[in-house]
Structures are given as C-alpha cells and as structure tokens.
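Enquirer:
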Amino acid sequence: MRFHSIKLVGFKKYRRSQIDFGPGLNMFYGPNEAGKSTLHQALVTALYGLSRKSDWNLLHTRDDARTWGHAGECLIEMDYSVDGPPGKPAPQRFLLRRDISTGKVELFSLAADAAAEPSLVSENRDEVDRIIAEQMGIEDAYVFSRTVSICQADLAQAADMKRIADNIESVFAGPESVSASDAIEYLDKHVRKPLRKVKSESPGRLDQLTERLESLLKDMETVRREEQRRKDLAERIESLEQRLPVKKARLQELGQFIEKSEAKKRVEDRLDADRRRFNSLEDRIRNIDDCQKRLKELEEALDDLGPITLFDPDQLDAARVELERNRAELGAKAAACADRIATMQKRLKAAEELSDEIAVIEQHVGEAGKLATEDIDKIDARRREVVEKLKTAEEHVQSQGDRLEHVEHSVWGLEQFARKYPDLGDAWQLQSEWQRLELHRDEQQRMLERAKANQARHEAKRFPPTLGKLWIEVPLVLVIIVPLIAGVISESLAVKIVMGALFAGMAVWWGVWKIKRRIRREQWRADHRRLLAESEDAEKLWDEVAAAIDEFVARIGVPEERVRTFIEEYRSNQNDLKSLRREREQCVKDRDNALAEKEQAEKEGRLLAESYGCQNIAELRDRIADLRDMRRAIDKLSERLAGVLGLDRVLLRDQMLVTARITLADLGDERKRIEKEQMDLARQEADFLQRTSCDDLLQLTERTKRLRGMLATKDKLEASLEAYSGGKSLDDLVGEQRALTLQIKVAMAKLEDDFPGFEPTAEQNEMWRKERERLEFEIPELTNKLTAARTELKVLEEHATMSLAELEGEKEYTESEISRGDFLVTACGLAGEVLREIEQEHHSLYLPQIQGEASTHFARLTDGAYAAIDLLASWPQKIAVRDRDGRVIDAEKLSRGTIDQLYFALRLALARALSGRTSLPVLLDDPFVNFDAARFEQAVATMLGLVRDGRQVIYFTHSPQLAEREASWKEQGIRVSCVRLGE
Amino acid sequence: MKVRFVHCSDLHLGAPYSMLPRQAADRRRADQRETLGRIVDLAVGAPEKADLLLIAGDLFDSDHPSLRDVTFVRTQLERLGREGVRVFMIPGNHDPWRERNFWSRAAFPNVRLFTQPRFECEVLRGLRLNVCAIAPDPSNYSKNQLAAFDASVAAGPSILLHHGSWLNFGGESADCHPFSTDDIRRLPFSYIALGHYHASRQVDSRSAYPGTPDAVGFSKNDLGPRYVMVGTVDGEGRVDVHAHQINVVSHVMEEIDCTAESCQSLRQRVERLLERSAYVRIRLTGRPATEVIAAAERLRDELSDMAAFLAVESSFSNVADVPADNIYLKRFVEKVNARMQNAPEDHQPLLSKALELGIRAFLKE
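If you read the protein sequences in the order shown, they are chains A and B.
With this note's numbering as the guide, the letters of the first sequence map in order to residues 1 to 983.
With this note's numbering as the guide, the letters of the second sequence map in order to residues 1001 to 1365.
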C-alpha cells in the first residue's frame, strides 16, 4: 500500500493544502507547531474517520478537526494505491474523500489514466470503512495507532518490559485490555464459581440449591408419610367407631344370657331338692306302714301269751336291777326333755321378739303395708296403663299438631297465591257480572233468533196473493150469480124464489167471508209489525250486552283468556282452600279430642293416685317403691325368723309362731308321758314286790324269756316307727308329700313359663362366659385405641404446617433453578472452550510470526549484538532475548536504550503480522529522539532497510539533521523526499 | 324479587407457584387467601348484600390442601353464614371429591357442596330459585356431562354450577368434561356458573367463566386483571350479569425484541412493566448490540428490588455489532457464530447463552 497525496481543507492549521508522498522515505521536518503531528492525525483520520476511543493521537469530534475559529468546510481527500490481488500485480488507485463537517464519505476508484474521471466505489460510510479495513488489514484506528503508527511518546511510555508486553497485548485485547485469558478468568470467577464450586471452594448457588432440593425431598417424604398416616388414622377411627357399639351390644346380650341361665339353674336346683325330699318322704311312709304291720302282729302274739305272774329271787334281783336302770333311764330322759323344753322356750322368746319387730314394721306400713303385699302389682300395672294412655294421647296431639301446621302452611300458600293477584277480588265480582252478562246475551240471542224465525215464518205464511183471490173470488161470484141468472131466466116462481133465496144466501155468506178476511189481514199486519219491533229490540239489547262485555274486558285490562285461566285457577284454589280448611277443622277437632283424651288419662292417673292417698302418679310410684322396699325388709326379717325357729322354709309369721308353739306343746306332752312312765314303773315295782310268792318260777322264767324277747322286738319296732315318723303322724307325712307333689308340679310349670325354649348346654354356658371375659377385656382396649387415634390425628392436623403442594412448588422451583444454573454452567464451559481455542490460536499463529519478524529487526537494530527475541516461552509475563553467542537474557535486564530498540522491533513486527500480506506504510513521529547517537544510526539504518524492502516510510522529525543526508541517500539509490513544514 | 349472586371459580388456594422462590410463593399464597377474603367482602358488603355465593370448582389447588387454607376457608364460610349469604360449591378437577378425602374431613359449615357427578338440585323456597350442579367425575374427565341433562330437574328461575371445558374457548386443551355452545344453549337454566379456565369469558348472555381471581402462573390466561361475576336473577328467570375486577396483584409476562433497543430504552421498558405489576417475567430476544447483551444481567440485578419477582430470560439470536478494537472478542464472536451455523436447533440456546456470557466477560459486565 502506498499513500500518494493528501489534500486538507479547513483541517486544523491546514486551511487548504495538498501534500504529496513519494515512494520510499518521506521525511517531514520542522520546528514544534509546524504541523507534523497534525499531518499524522490527518492521515489516521483520513483512513478511519473520527474515533470513538480515547487515545491522544486520535480526533474525537468535528471541532477537534476543524480549523480553530473557522466554521466552514473541513475535508480530507486522500489519494492512495493498494497492491492488486495475487496474480494481478498492477496496483489499484483510490481517492478517499472524507467531509468531516457533514460526515459524508466517498471512495472513488482512479483509473491508470490520470485524465479519466474517477468512478465512485461507495459513499456508504459502513461500506467504505469495511473496504478500508480490508485493504489495510487493520480495522480500527486504535490498532493502527498501536502498530504502523509509532510516536515518540509510545517509546517513552514503554519504560519496562511489562508495559511493553501490555502494549503489544493491548493491540489484541483492545483499549480495555481484556484478553481471552482474562475473559476465561472472568467467566470462572463471576459465572461459574458463584454457581458451582470446584474442590475446596465455598459452595455456589447450585450446590446450595442441590442441598436444598435434597432436604425438600426429605421433607416431602415426611409430609407424604404424615398424609398417609392421617389417612390410616381416619380409617382406623371409622372402623373402631363402627366396631365398638357392636361389641358393647354383644356384651350386654351375653350378660343377659348368663344371668338367665344362672337363674334357671337356681330354680332347677331347688326343684331337685324338692324331688329328693319327696323320695325320702315316700321311703319313710313305706317303712312306717311296714313297722305298723309287724307291731300289730306282735301285739296279737302278746295277747295270746297272757299275764305273767312268776317270781324268782334272781329274777327279782335282776328285775330290781332292771327297774333301777329303767328309773335312771327315765330320769335322764326327763332331764333331756326338760333341757329341750328350756331351749325351745328360749327360741320362742327370740322368735316372739322378732315377730314384734315385724309387727312394728307392719304396723308402720299399716294399711299401705297390706296394700304392698296385695295390690302393688295391680296398682303398678294400672299406673303403667294410665301412663301409656297418656303418652299415646300426647303423641296423637303432636301428630295432629304437625298435620294442622302442614294444612295451615298449604292454606297460607294458597292465600299467598290469591294475594298475588290483588285485583282478583274485583275480577271475581266482574266475572260474575260478566257471566251474568253473557247469560243475558245468550238469552237475548235466543230471543232474537226466535223473533227472526217467527218473522220468517210469518213472511212465509203470507196472505194468498191477489191473483189467487181472483181465482177464488171469480168462481164464487159466478156461483152466486148463477142462481140469480137461473131465477131470472126460470119461468117457475118456485124456482125463482128458491134461486132468489139461494142467491141471497150466497151473497150474504160472500159478504161475511170478505169481512172476516179483511179482519184477519189486519191482524197479521199488526203481528208482523210487532215481531219486527221485537226483533229490532232484541238486536239492540244484544249489542248493548256485547258492548258491556267489551267494556268489562277493557276495565280489567287483561286478556280474556288470561282472566279465565286465573279465575279457573283461583276457583280451584278456592275449592282446595275450602277442603283444606275443612281438613284443618277436622285436625283441630282431632287434636282437641286427643287433648281431652290426654286430660282424661291424666285425671285417671290422678284419681288412681288419690285413691291411694297420693297427690299424683309420681308420688304413687315413689310410694310403691317405698312399699316394695318395706316388703323386702319384712321378707328379710321373716327369713331371719325362720332361721331362728329352725324352720327350713319361710312361712307366714303367725304360722311360724304357731309351729314353734306346737313344738313346745309336743315337748310338754313328752315330759308328761315320761312322768307317767316313771309312775308306771313305781307301780310295777310295787306289784313285783307283792308277787314274790309266786311258785312256778321255771314257767315264769320261760314265759318271761319269751315275753322279754317279744317286748324287746316290740320296743325295737316302736323305736323304728318313732325314727321313721320323726314325731309326726302318718297323715301329716302323707299331707306333706301331697303338698310337695303340688309344689314340684307348680315349680316345673313355672320353669317352663319363665324360660320357654331356653335350654343352654353346659358348653354353651362356658362359651358365653369365655366370650364375655374376652369382650370385657377387649372393649376398654378398643376404647383406648380410639382415643389414642383421635388424639394423634388431632396432633398431626394441628402440626401440619406445610402442605405437600407447597413443597412440590418449591421443589419444582429449585429443580428449574438448578437446570437453569446447569445450563449457565454448560454455556460458561462452552464459552471458555472457544476462548481457550482463541488463546491457543493466538499463541500458535501471531506470536511466532511476531517473534520471527521482530528478531530480524532487533538483530539489525542492535547491529547483531542480539540474535533473536523469544516471546513464546512465557508470553506475556516475560520476554527473553538471545545474544550473538546464543545466551538467553531476560529482557528486563537490558539497558533502557536496548529496550527501546526491542519495542521498536516488536512494533514493526506487529504491524507486519496484523496487516498480513499488505505492505503498509510506516508512520514514524520522531520515535528515536531519545536514542543515543549509535542507536539512532542503527534505527535510521533499520528505517532505510524498510525503505529498501519497498515499504513507504513517512517520518516526522523536528530536527533537520537527517534532511541533510538526503543527497547522500539519493546517491545510494534510496528513494527519499524531504519536506520542510511550517514555512 | 331479584336474587343477587356472586360467582367465582378456580381460586386454586395453596397453588405451588413453582416458578417463584419460596418466600414469593408464600406471599402469593397469602394473597390468594386475601383475594378470597375480598370476594367474601364483596358478597356480604353494603350496599347490596348478595344472596348467594357460587364457587364453580377448584377452590383448592389439590386434594390435600394445607390446614391453614382449610381453616381460612372455614372462617370465611362462617362469616358468610353469619351474614346470611348461602354458599353453593362444586369440587374441581384439581380438588376432586373422593371417599374419605379432605372434603369429608373438613366438614365445611354453611355450604351446599354438590359431590355427585350427576344433576342435583336444591330448591330455595324463600328465594323462589332452583340451584343445580354437577360435580366433576375424576374417573372420566372426557365425558360431556351437559349432554346427559334431564330437563325435568329445572323449572322456573334456576342456576347451574359446572366445571368443564368449553370447546370454543380457544387455544386451550379441552381436558375436563368438554361441552359445546349448543350444549349450553339447550339448557333451560337462567344462569350457568362455569369454572375451569383461568381467563374471564362469557359463553353467552347467561353463562360465563369468571376465571381465576388471583393468577397462579404466567400462562396466557393468568395474565392481566382478574374478575368475579356479579349478577341478579329475577322472578321471571331473567339474568343480568357483569364482571367485577377483584385482583390487587397481577402477573405480567412479555417478550422484548432487543434488536433496536439501547440499554437505556430497554431499562425504561422494563421499568414501565414493573410499574404495572410486582410479578414480572421478561424474555429478551432478537439481535441486539453487544452492550445490550452485556447489560441484560445487570438490568435484572438492578431492578429486582423494584419487584417482588422479576425474571429476565435472554435468548438472543446473534449480536448486531462486533467491536473491532478487541481482536479476541472479534474472534470469539466469529467462532461462536460459526458454531451456531453448524449446530443443530437444540444447541442454539446453549450457544446463544455462551455468546452472551463471552460478551459479558469481555465487557466485564
């Protein structure tokens, strides 16, 4: 690329100038403020326009560019050429015109023939910028000013290697100096790290979210379990609530069964005892019969034996001994008897005391006591009956009341209906009026029809027409005139007279007929007129009625049909209402009856109560209960009395006392018998002493032996009899047996009545008992379970603060946040991947190129003292150089001047690397001003090397020193032009 | 006599609000309860107290609502009971009635809950009105329940509650007892209180969806103002109904094409949205300038304090300008673009996000 010329109009101090550039070195020299830097700026501005970036060497605004105090045109026009594409070496020439005051940009293509008109390539700013960027290989003024345009300040600023490296890097990384690695670092620090931690970093948002998600899942599991638990508990409570009452009912039923079974058993036991007693009584009676029979036989045998009167001293002694013994026996018997009597008397006394106690209670109970024993059940039944009646009556009253209410409700509804049409009352009246009118109208209609019919009939019965009259009258006249003519023409007088009379008669009859006919006609005419009038009247009346109906309809203001419907409905409702009212009356009557019934029942109850001296039924009931209590007390005392008297069953109190007294009397009798026996014995003793003189001892002995044997047998039998009878007569025993039989029969019948069909087996009883035990244990346990379940459910429901839905919402939110975060992390990784690729590309493409180019320049600049620059080893931290012996030296350790040389070499290399194949002009704004003489010469040599390589160099300097060498350079064949500015 | 009613549906108490963070979701659930409170205020409020409150399904968001919501509903029903407002309600497809689920446990007072999936009626003698309803059938949501209508159940002034999908609603799936406009026309009811869809819409002059009274998400039907229906039925069965705005909070969702936006104008647009609502969801698209791409994240950070919830999602197709002064950035954009051109469709969002992140990293935003 080569600049040919630049034309400046109103640009800073150049009001209108054209500066031409030759190939090779173009040197512009002059003092300060001569316009060197302005020209430099003009070149950059021509290529890239005003810059957005802040850089000291770039112009930002129009006013920066404009000639000071001059508001007119500001224009730069640059003529340049670029090398043609490969294979087409002819350079292409362009004219770039940038009007800064209007912002207009035009790019023309110049033909090789200078006379030809330039052709417009583009006047679109973006398009022109793109073309320039493409031609230059450098897109931006900033990059341009960092590469091919080198200022004095650039080198001055590059004080150390770090800054140099930064400057070089900033060409790639822009003015903000953000490199690919910076971007990677930024992404890692600001995007990845806050999201997801690596190794020991603090947890990022995603890590926290993942943790939260885990805890949420746990919470959800808990809530789900709680929900399930709640459901289970609700089901359990329901099932328990159903099962418990069933079990309780069964328990009650079992209780009743068992109680009934026990009661039955008690009754059966008593019955068995009675049966056993009956059997023993039967045995005793049979034995007594037997004993009595044998005793009778023995007594007969004794009678046969006769009296014994034998005496024997031994026998006497023996008899005496016997007597003594008997006496002693009797004495003992008497003593025992006396003891028993005393005991009996004591018992009797106790019994009498108890009896008194009972008597006191009975007295206390008094008449009521009697009542209690006799009438309680009856009264109770009566009382129950009365109460039942009362209840029925009350229910009846209630139901009638309900019915009445229902009817009232219906009546009210119908009345409401009637009230809904308030004008219906009038309508009702109107309706009857209307009906009346309609009836009247119908009547009038009928009359009218009748009148018309009459008239029609009348008209049909018109008088015979005139023609008919002549037809009748002419023959009649002829008939009359014929006798006259016959009389006139007849010669006989008789005929004349007869004929004359006939004629006269006929004439009279005709006259009469004629008159009558006239009268009838008059009458018909009158009738006709009347009928006509009547018909007219009827018609008029009918019209009137119809008008009245129309007026009526108009008056009530509703369509006729509607009124009719209303009225029919109303009428039917009225009928309903009537029937409902009748029903209501009936209901009221029924209710009153029921109330009367109730009162009657209450009265009966009161009467019943009063008859027993009570205020009311309740009091009577209490009284009955009291009496029952008393009766029970009496029964208890009676039982005790029976116990005291040693009776095995309870009888009536008096009976018991009588029995005790009888026993006492019996004992008295026995004592008397014993005393009598004692007296008999004394008499026997006396007899025995008298009869000691008896001889026949042997006989006596023998007989006595037999007698004694028989007596012994008799005694034995009597003792047996005594034992069997037990102090009772046979009749008593038989009576007792009969009573027992009856008692057993009654008890069996009662058993059948009380427990019909109730025959539980022992196993069944046992089963019931076991089931009851099980239920008694089970029911409290179930009740406890129910209470526990209810409590737990309540606690669970009260403590359930978060619902599953809420947790699910948060879980979804967390999951979506995590997925969004993951997406970001992935995107971040992808961006990092691309950035690392770019970084790699930078290292492998640009740096080696820069290193090679810079090494050449550096070697030339240092006159071969340093052979090469090593950038790749540790860019951008460190730059190393190699001296001519191949030693590696840290660039930091180089002298300031060498560093400047190094930087200059790097800048030149950078321009080359970026512009690619295009060989760009190099703009040098007095960069070597601080170089020492030797270095300056080497730098100039390098510059001239560039010119020799075919590059255009534009060199601005304040010193005219180099301009003086122009001639010598030209001699060396170097293309050079020197222009002095500021003249 | 005119019977005044308030009709609402789809309150979705206890909705998960899964697009909101926990605190915001809790706040919104509390808002829902407040909304129910406002509906009750409207029903019992002066000057014209309503005779009936009709709830056409989905009062709760699920069939296991929280105790807090159940207790709140009970309190409100008691309040309505005290004020003499009768409540008629059907379950919805979100909170269906089942044996032994929360409906039977909760035992709400002062409400006639229709639970059977067939026409049931209750005659209000005092108001001379017949209220009928048909509850959804969880075992068969595809059945058209209105087609099985038995004309004998309704006579005179009457109201029907139904939870189902109107086939002509538009843009919505008919997933719950679908019915057609003809089905509605055929019914002899004076008013048909519908529920299911979240947007407020009248099917005809005597049937309407009030929509959800408080938004539960950012779908199309949940955006904008929310309503309940307020109306009267007279003795002849003539109905007069209008929508009454009930919401305090609304949800806003907008897609912004950033191609022509600058940072400043984008910020102003978002601020205007935030003035409309505290719950805003924005999607940035288009081919904006690098500075806009880099600023999107900052925008969310800076404006999130102005809203209870602000979500800014970005999905840019490309970048409008490539800065020339950073060669790395230029290369980066070039390379990502090259990948985008070759990548399958499902990779585009990821590459777009990588582009955004890279630009942010270079601009240090």
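Cβ coordinates follow ideal geometry from the N, Cα and C atoms, glycine included.
Quick caveat: nothing in here was measured; it's all calculated off a predicted structure.
With distance defined between alpha-carbon atoms, name the residue in Glu-892(A), Ala-328(A), Lys-199(A) and Ile-869(A) nearest to Gly-886(A).
Expert: Closest option to Gly-886(A), Cα to Cα, is Ile-869(A).
Enquirer: State the beta-bridge partners of Ala-1311(B) as determined by DSSP.
Expert: DSSP links Ala-1311(B) through a beta bridge to Arg-1281(B).
Enquirer: For Phe-172(A), which residues in chain B fall below 7 angstroms Cβ to Cβ?
Expert: Ile-1327 and Tyr-1328
Enquirer: Does any residue of chain A bring its CB to less than 7 angstroms from the CB of Ala-1208(B)?
Expert: no
Enquirer: How close, in whole Å, do the beta carbons of Ala-1135(B) and Ile-1159(B) come, if the pair is a contact with beta carbons under 8 angstroms?
Expert: About 15 angstroms separates the two Cβ atoms, so there is no contact after all.
Enquirer: Whose C-beta lies closer than 8 angstroms to the C-beta of Gln-737(A) among residues of the same chain, with five residues either side of it excluded?
Expert: If we look at Gln-737(A) and ignore the five residues flanking it on each side, its Cβ neighbours are Phe-278, Leu-281, Glu-282 and Ile-285.
Enquirer: Drop a sphere of 10 angstroms on the beta-carbon of Asp-1058(B), count the other beta-carbons inside from all chains shown, and report buried for 16 or more, exposed for fewer.
Expert: buried
Enquirer: Between which residues of its own chain and Asn-26(A) is the CB-CB distance below 6 angstroms, once the five residues before and five after are set aside?
Expert: Ile-954 and Ser-977
Enquirer: In whole angstroms, what is the alpha-carbon distance linking Arg-518(A) and Val-482(A)?
Expert: 25 angstroms
Enquirer: In three-state terms, what does DSSP make of Lys-1002(B)?
Expert: coil
Enquirer: Quick check on the DSSP output: the beta strand (DSSP E) that includes Ser-1062(B) runs from which residue to which?
Expert: Careful: Ser-1062(B) lies outside any beta strand (DSSP E) and carries neither H nor E.
Enquirer: At 8 angstroms on the CB atoms, spell out the chain A contacts of Met-1253(B), in chain order.
Expert: Within chain A, no residue comes near Met-1253(B); the closest Cβ sits about 15 angstroms away, beyond 8 angstroms.
Enquirer: Can you tell me the Cα-Cα spacing of Pro-1016(B) and Ala-805(A), whole angstroms?
Expert: Distance between the alpha carbons of Pro-1016(B) and Ala-805(A) is about 5 angstroms.
Enquirer: So, with DSSP's three-state summary, where would you put His-406(A)?
Expert: helix
Enquirer: Given that Leu-1124(B) touches chain A, what residues does it touch there, using C-beta distances under 9 angstroms?
Expert: Going along chain A, no residue has its Cβ under 9 angstroms from Leu-1124(B), so there is no contact; the nearest lies around 16 angstroms.
Enquirer: Taking beta-carbon pairs under 9 angstroms, can you tell me which members of the stretch 1172 to 1188 of chain B lie near chain A?
Expert: Taking 9 angstroms as the upper bound on Cβ-Cβ separation, chain A lies near no residue of the stretch 1172 to 1188 of chain B.
Enquirer: Could you compute how far the alpha carbon of Tyr-48(A) sits from the alpha carbon of Leu-910(A)?
Expert: 19 angstroms
Enquirer: For Glu-808(A) and Met-220(A), I'd like the C-alpha separation in whole angstroms.
Expert: 8 angstroms
Enquirer: For chain B, check one thing: does any of its Cβ atoms lie closer than 7 angstroms to the Cβ of Gly-204(A)?
Expert: no
Enquirer: With a threshold of 7 angstroms between beta-carbons, can Gly-1195(B) be considered close to chain A, or not?
Expert: Not a single CB atom of chain A sits nearer than 7 angstroms to the CB of Gly-1195(B).
Enquirer: Let me know the secondary structure DSSP gives Thr-466(A) once reduced to three states.
Expert: For Thr-466(A), the pLDDT reaches just 48, beneath the cut-off of 50, and the residue's location in the model is therefore unreliable, leaving the point undetermined.
Enquirer: Give me, in chain order, the residues of the same chain whose beta-carbon lies closer than 6 angstroms to that of Arg-986(A); leave out the 5 immediate sequence neighbours on both sides.
Expert: Since the first and last residues shown for chain A are 1 and 983, residue 986(A) lies out of range.
Enquirer: Please name the residues in the stretch 1301 to 1319 of chain B whose beta-carbon is closer than 7 angstroms to at least one beta-carbon of chain A, in chain order.
Expert: none
Enquirer: Please classify Ser-1207(B) as buried or exposed, where buried requires at least 16 other C-beta atoms within 10 Å of its C-beta.
Expert: That one is buried.
Enquirer: List, in order along the chain, the chain A residues whose C-beta lies closer than 7 angstroms to that of Ala-1324(B)?
Expert: Glu-139 and Asp-140
Enquirer: Considering only their Cβ atoms, is the gap separating Val-1233(B) from Tyr-1279(B) smaller than 7 angstroms?
Expert: no
Enquirer: With 16 other CB atoms within 10 Å as the buried threshold, where does Gln-252(A) fall?
Expert: exposed
Enquirer: Beta-carbon of Asp-1063(B) versus every beta-carbon of chain A: anything under 7 angstroms?
Expert: no
Enquirer: Does the beta-carbon distance from Tyr-186(A) to Ala-1361(B) come in below 7 angstroms?
Expert: yes
Enquirer: Can you pull out the residues from the stretch 174 to 200 of chain A whose beta carbon lies closer than 7 angstroms to at least one beta carbon of chain B?
Expert: Within the stretch 174 to 200 of chain A, the residues whose Cβ lies closer than 7 angstroms to some Cβ of chain B are Gly-174, Pro-175, Val-178, Ser-179, Ala-180, Ala-183, Tyr-186, Leu-187 and Val-191, listed in chain order.
Enquirer: Would you report the Cα separation of Leu-1054(B) and Gln-228(A), rounded to the nearest angstrom?
Expert: The alpha-carbon atoms of Leu-1054(B) and Gln-228(A) are separated by roughly 32 angstroms.
Enquirer: My output table needs one value for Glu-766(A): the three-state DSSP class, helix, strand or coil.
Expert: For Glu-766(A), the three-state secondary structure derived from DSSP is helix.
Enquirer: What's the call for Leu-120(A), buried or exposed, on a 16-neighbour Cβ count within 10 Å?
Expert: Here Leu-120(A) is exposed, its C-beta having fewer than 16 other C-beta atoms within 10 Å.
Enquirer: Of all the CB atoms in chain A, is at least one closer than 7 angstroms to the CB of Val-1336(B)?
Expert: yes
Enquirer: Does the Cβ of Ala-273(A) have 16 or more other Cβ atoms within 10 Å, making it buried, or fewer, making it exposed?
Expert: exposed
Enquirer: Where in the stretch 833 to 883 of chain A do unbroken runs of the alpha helix (DSSP H), each at least 4 residues long, occur, reported from the N-terminal end onward?
Expert: 847 to 861
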